[in-house]
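Undergrad:
In the numbering used here, the protein residues as written are 19 to 230.
Structure below.
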């Protein structure tokens, strides 16, 4: 089990992993807390996303594990952060992690980065990220995005195993939004697209299917 929950010491953030050893015999559980750096302004909430055509914001929910996958002793995880600095500061921003997870060795952070979506539109908020990894250890991420100049839409990006640290490739459009969205159902949240999902094609390891 891997948990992203906004765990912080006031400056830096941490991811928690619970490992199950010998699940078919004398089961044992062990916990790990992994340092991931100052990636999230946890003193502030995850901000909801603006959208074109209305002042009503789109709910981006909270800091949690949105998706995780383990393959070839690598553990990938997606969450949402509110970056404390940089282009994405103050915006809901999808974030990914790659950990080395080869029992019985300790789980260690291998790489991480934002999916900022600034190549979609200026001031883009990204949220509801999902992740899948193929046999070549290439990863793809599905996510939602919205900004003051665009409607909420569905997007995807990825990174090949040899790409530079903390980077993702150009965002690709799954389906751009066609209008602003307001559906509160009598409540206080305007929830759109909870959540996204991505999987490998069962017959072709190089193909990914994404849904949002």
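We put the beta carbon where it would ideally sit given N, CA and C, even for glycine.
Less than 7 Å separating the beta-carbons of residue 139 and residue 98?
TA: Within the chain shown, numbered from 1, the residue matching residue 139 stands at position 121. Within the chain shown, numbered from 1, the residue matching residue 98 stands at position 80. No, the pair does not count as a contact, with Cβ atoms beyond the cut-off.
Undergrad: How big is the Cα-Cα spacing for residue 35 and residue 50?
TA: As a first step, residue 35 must be located in the chain shown, where it is residue number 17. As a first step, residue 50 must be located in the chain shown, where it is residue number 32. In a straight line, the C-alpha of residue 35 is about 5 Å away from that of residue 50.
Undergrad: For residue 205, is the classification buried or exposed, using 16 other Cβ atoms within 10 angstroms of its Cβ as the cut-off for buried?
TA: If you number the chain shown from 1, residue 205 lands on position 187. Burial call: exposed.
Undergrad: Answer yes or no: does any C-beta atom of chain B fall closer than 7 Å to that of residue 43?
TA: The structure shown contains no chain B; it holds only a single protein chain.
Undergrad: According to the Cβ coordinates, are residue 147 and residue 161 closer than 7 Å?
TA: Position 129 of the chain shown holds residue 147. Position 143 of the chain shown holds residue 161. Result yes, Cβ atoms of residue 147 and residue 161 sit closer than 7 Å.
Undergrad: Can you look up residue 84 in the DSSP assignment and give me helix, strand or coil?
TA: Position 66 of the chain shown, counting from 1, holds the residue named residue 84. Three-state result, residue 84: coil.
Undergrad: Along the beta strand (DSSP E) that carries residue 10, what are the first and last residues, could you check?
TA: Because residue 10 is not part of the residues shown, which for the chain are 19 to 230, the question remains open.
Undergrad: Do the region 93-107 and the region 126-146 make contact, defined as three or more Cβ pairs closer than 8 Å?
TA: A contact exists between the region 93-107 and the region 126-146.
Undergrad: Excluding the five sequence neighbours on either side, which residues of its own chain have a C-beta within less than 6 Å of the C-beta of residue 89, listed in chain order?
TA: The residue you call residue 89 lines up with position 71 of the chain shown. Result list for residue 89: 151, in chain order.
Undergrad: Touching or not, the region 67-77 and the region 195-203, by the rule of three or more beta carbon pairs under 8 Å?
TA: Judged by Cβ distances under 8 Å, the region 67-77 makes contact with the region 195-203, as three or more pairs qualify.
Undergrad: Give the straight-line distance between the Cα atoms of residue 11 and residue 216, rounded to the nearest whole angstrom.
TA: Nothing in the structure corresponds to residue 11, since the chain is present only between 19 and 230.
Undergrad: Quick check: the Cα distance between residue 124 and residue 218, rounded to an integer number of angstroms?
TA: Within the chain shown, the letter at position 106 stands for residue 124. Within the chain shown, the letter at position 200 stands for residue 218. About 28 Å.
Undergrad: Give the DSSP-derived three-state secondary structure of residue 199 in the structure shown.
TA: For the purposes of this step, residue 199 is taken as the residue at position 181 of the chain shown. Correct three-state label for residue 199: coil.
Undergrad: Ends of the beta strand (DSSP E) at residue 184?
TA: Residue 184 sits at position 166 when you count from the first residue of the chain shown. Careful: residue 184 lies outside any beta strand (DSSP E) and carries neither H nor E.
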